[in-house]
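Visitor: Numbering (the UniProt record's numbering), first residue to last: 1 to 300.
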């Protein structure tokens with residue numbers, strides 16, 4: 001029935017006041033308009049809800065039975081409207097992100113801090129996972145969006161570049177190559193290379209670079225987390241090719257650019273094709289893209 005919510009609300013106000021005239025004033029309606037609304041509601045339901053007399057209005061048995069369910073209906077509706085408006089105004093909500101561990105360790109924390117300062121009522125859930133898992137989580141709808149590499153894209157997903165991340169050589173400060181402005185890949189063939197895990201996109205890129213250049217790779221130790229790889233490099237157990245964003249800011253390691261094509265990888269926003277983004281997630285994406293365009297640490 002058209003305007004059923006307004007008609008239900010009119011019935012509840014009449015039931016609460018017990019008087020058509022008072023209810024009409026409360027609803028800012030004329031008495032005749034209120035009477036029409038009640039009659040239309042009763043016609044729709046097929047029962048009389050009110051017993052009318054010149055001085056008093058009482059609920060029929062059907063009206064008594066309908067009173068509490070209708071009150072609950074409007075309360076639930078009001079809660080839905082209030083919650084939706086809170087979401088739209090970013091007073092509440094949840095943003096769930098899947099991102100590469102290197103981004104979670106360095107690039108994203110400052111942005112997350114800025115977002116939480118602006119929207120303290122929005123909860124952010126960050127899942128640091130390898131590139132394969134990002135695609136799966138986005139496709140299955142377990143996260144709002146992902147931040148990963150384009151090479152992993154597959155059907156049903158869209159990719160939009162937001163930053164570039166270069167591989168650099170991480171070495172101890174006393175390493176013979178520490179004073180160089182750049183190194184060639186061919187100079188690293190004899191260096192024991194500390195690699196990330198086999199399911200890592202960084203590991204895949206490093207191995208591909210050596211294979212494409214037909215250069216031997218001397219694998220040393222292997223660790224799943226970049227922080228562990230850096231710790232092993234600090235102990236002089238080898239060198240490592242890692243994203244520039246993996247730099248943890250400590251001065252006991254040197255980061256040397258690699259002079260070789262293909263060491264830059266595209267990092268971007270991964271979403272489901274045709275996906276409608278929730279307001280909080282869209283605002284985070286807007287902030288991410290704005291920071292990238294401004295070059296404030298995200299677009300290198």
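Ideal Cβ positions, reconstructed from N, Cα and C, are used throughout, including at glycine. This structure is a prediction, so every number in the text was calculated from the model and none was measured.
Less than 9 Å separating the beta-carbons of residue 59 and residue 9?
Guide: no
Visitor: To the nearest angstrom, how far is it from the Cα of residue 126 to the Cα of residue 161?
Guide: Between residue 126 and residue 161, the C-alpha separation is close to 20 Å.
Visitor: Which of helix, strand or coil does DSSP assign to residue 116?
Guide: DSSP places residue 116 in helix when its eight states are reduced to three.
Visitor: Judging by CA-CA distance, which residue of 205, 189, 265 and 243 is the nearest neighbour of residue 219?
Guide: Checked all of 205, 189, 265 and 243; the closest Cα to residue 219 is 189.
Visitor: Starting from residue 244, follow its DSSP beta bridges and name the residues at the other end.
Guide: Under DSSP, residue 244 shares a beta bridge with no residue.
Visitor: Could you check if residue 77 is buried or exposed, using at least 16 other CB atoms within 10 Å of its CB as the buried criterion?
Guide: Exposed: under 16 other Cβ atoms inside 10 Å.
Visitor: By Cβ distance, which residues of its chain are closer than 8 Å to residue 6, with the 5 residues on each side in sequence left out?
Guide: Result list for residue 6: 37, in chain order.
Visitor: Quick one: using the 10 Å Cβ neighbour count with 16 as the cut-off for buried, is residue 99 buried or exposed?
Guide: Taking all protein chains shown into account, residue 99 has 16 or more neighbouring C-beta atoms within 10 Å of its C-beta and is therefore buried.
Visitor: Taking the C-alpha atoms as reference points, what is the distance between residue 275 and residue 97?
Guide: 15 Å
Visitor: For residue 155 and residue 119, what's the separation of their Cα atoms in angstroms?
Guide: 34 Å
Visitor: Does residue 137 pass the burial test, meaning 16 or more other C-beta atoms within 10 Å, or should it be called exposed?
Guide: buried
Visitor: Give me the residue from 270, 39, 260 and 25 with the minimum Cα distance to residue 163.
Guide: Distances from the alpha-carbon of residue 163 to those of 270, 39, 260 and 25 put 270 closest.
Visitor: Within this structure, are the beta carbons of residue 285 and residue 149 separated by less than 9 Å?
Guide: no
Visitor: Please report the straight-line C-alpha distance between residue 210 and residue 123, rounded to a whole angstrom.
Guide: 42 Å
Visitor: Find the nearest neighbour of residue 186 within the set 178, 67 and 212, judged by alpha-carbon distance.
Guide: 212
Visitor: Below 8 Å, how does it come out for the stretch 9-25 and the stretch 41-58: are there three or more Cβ pairs, yes or no?
Guide: yes
Visitor: Could you give the DSSP three-state label for residue 34: helix, strand or coil?
Guide: Three-state DSSP puts residue 34 in a helix.
Visitor: Could you check if residue 68 is buried or exposed, using at least 16 other CB atoms within 10 Å of its CB as the buried criterion?
Guide: exposed
Visitor: If we count Cβ pairs, one from each stretch, closer than 8 Å, do we get three or more for the stretch 250-265 versus the stretch 197-209?
Guide: yes
Visitor: Below 8 Å, can you find three or more Cβ-Cβ pairs linking the stretch 137-146 to the stretch 239-252?
Guide: Verdict: no, contact absent.
Visitor: By the DSSP assignment, the beta strand (DSSP E) with residue 165 in it spans what residues?
Guide: Annotation for residue 165: the continuous beta strand (DSSP E) segment containing it runs 157-172.
Visitor: Let me know the secondary structure DSSP gives residue 72 once reduced to three states.
Guide: When DSSP states are grouped into helix, strand and coil, residue 72 belongs to the helix group.
Visitor: So is residue 290 buried or exposed if we call it buried at 16+ other beta carbons inside 10 Å?
Guide: Exposed.
Visitor: Counting C-beta neighbours from all protein chains within 10 Å, is the total for residue 21 16 or more, i.e. buried, or is it exposed?
Guide: exposed
Visitor: With a 10 Å radius around its C-beta and 16 neighbouring C-beta atoms as the bar for buried, classify residue 280 as buried or exposed.
Guide: By the neighbour-count criterion, in which a residue is buried when 16 or more other Cβ atoms sit within 10 angstroms of its Cβ, residue 280 is buried.
Visitor: So, using beta-carbon positions, are residue 246 and residue 232 closer together than 9 Å?
Guide: Result no, Cβ atoms of residue 246 and residue 232 do not sit closer than 9 Å.
Visitor: Give the DSSP-derived three-state secondary structure of residue 107 in the structure shown.
Guide: DSSP places residue 107 in helix when its eight states are reduced to three.
Visitor: Which residue from 26, 31 and 65 puts its Cα closest to that of residue 45?
Guide: 65
Visitor: What's the gap between the Cα of residue 133 and the Cα of residue 235?
Guide: 31 Å
Visitor: Short of 8 Å in beta carbon distance, which residues of its chain neighbour residue 112, apart from the five on each side in sequence? Order them along the chain.
Guide: 124 and 126
Visitor: Give the DSSP-derived three-state secondary structure of residue 191 in the structure shown.
Guide: coil
Visitor: Under a three-way DSSP split, which group does residue 203 fall into?
Guide: helix
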